[in-house]
Amino acid sequence: MQVTCQVLPFLTELLSSPCSSMNEVVHTSPTIGSNVEEIVVNNTRFLMWDIGGQESLRSSWNTYYTNTEFVIVVVDSTDRERISVTKEELYKMLAHEDLKKAGLLIFANKQDVKECMTVAEISQFLKLTSIKDHQWHIQACCALTGEGLCQGLEWMMSRLKIR
Numbered sequence: 022m023q024v025t026c027q028v029l030p031f032l033t034e035l036l037s038s039p040c041s042s043m044n045e046v047v048h049t050s051p052t053i054g055s056n057v058e059e060i061v062v063n064n065t066r067f068l069m070w071d072i073g074g075q076e077s078l079r080s081s082w083n084t085y086y087t088n089t090e091f092v093i094v095v096v097d098s099t100d101r102e103r104i105s106v107t108k109e110e111l112y113k114m115l116a117h118e119d120l121k122k123a124g125l126l127i128f129a130n131k132q133d134v135k136e137c138m139t140v141a142e143i144s145q146f147l148k149l150t151s152i153k154d155h156q157w158h159i160q161a162c163c164a165l166t167g168e169g170l171c172q173g174l175e176w177m178m179s180r181l182k183i184r
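Take the numbering used here: the final residue in the sequence shown is number 184, and no numbers are missing along the way.
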């Protein structure tokens with residue numbers, strides 16, 4: 022089975038070796054443009070499109086939506102100023118016809134940083150409980166250590182089983 026996912030704005034470097042030895046520090050940088058990565062988890066191939074989140078790139082996001090089964094959004098839990106932009110862009114995406122049936126996985130990144138927004142705060146700010154037309158899950162994570170990434174992928178796998 023192949024599953025197509027859109028990853029906004031990054032994480033394919035970490036997801037390329039999911040649930041393996043994630044105790045090494047990984048250095049990432051924002052994606053400029055897009056990258057594609059295929060990962061395999063429990064005999065399921067995930068085709069991950071890693072799409073840059075810069076404002077200049079957002080107008081082209083919809084060109085990647087066709088046949089997308091999951092959207093993965095990475096939220097910087099330390100950036101309280103840009104969470105409103107995330108909310109606005111999230112609801113624009115979810116309203117798009119090509120994402121009508123897509124599941125939504127939100128990684129609340131940088132949970133290791135003191136004073137970051139909690140998963141509950143992010144969920145409340147993004148009004149996730151108002152999303153009725155999409156299966157969704159929010160997962161605390163730390164991109165530096167990989168903590169929480171496996172749980173997010175496991176949620177996606179569990180959603181595939183009930184489709």
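Just so it is clear, CB atoms sit at the ideal spot from N, CA and C, and this is done for glycine as well. All figures in this text were calculated on a predicted structure; none of them were measured in a lab.
Inter-residue Cα distance where the pair is residue i and residue j
i	j	result
F91	F128	13 Å
E109	T87	21 Å
E59	K113	26 Å
I104	L111	10 Å
N83	R66	22 Å
V95	R180	19 Å
N64	A164	24 Å
I93	T107	12 Å
Cutoff 6 Å; reference residue i; Cβ partners in own chain excluding five residues on either side
i	result
A161	A129, Q132, V140, G169
C137	S98, T99, K131
F146	I104
is_contact[residue i, chain C] using C-beta, thresh 8 Å
i	result
V94	Included in the structure is just one protein chain, with no chain C present.
7 Å CB neighbourhood of residue i in its chain, flanking five on each side removed
i	result
I159	I127, A129, V140, I143, S144, L149
H155	L115, A123, G124, L125
R101	M138
Counted within 10 angstroms of its Cβ, other Cβ atoms place residue i as buried (16 or more) or exposed
i	result
A116	exposed
8 Å contact criterion, which residue i and residue j should meet: CB distance rounded
i	j	result
D119	T89	7 Å
Sequence-distant residues of the same chain with beta carbon closer than 8 Å to residue i, five excluded per side
i	result
K121	D154
I152	L115, L125
K135	none
W157	G124, L125, L126, I127, L149
W176	L126, H158, Q160
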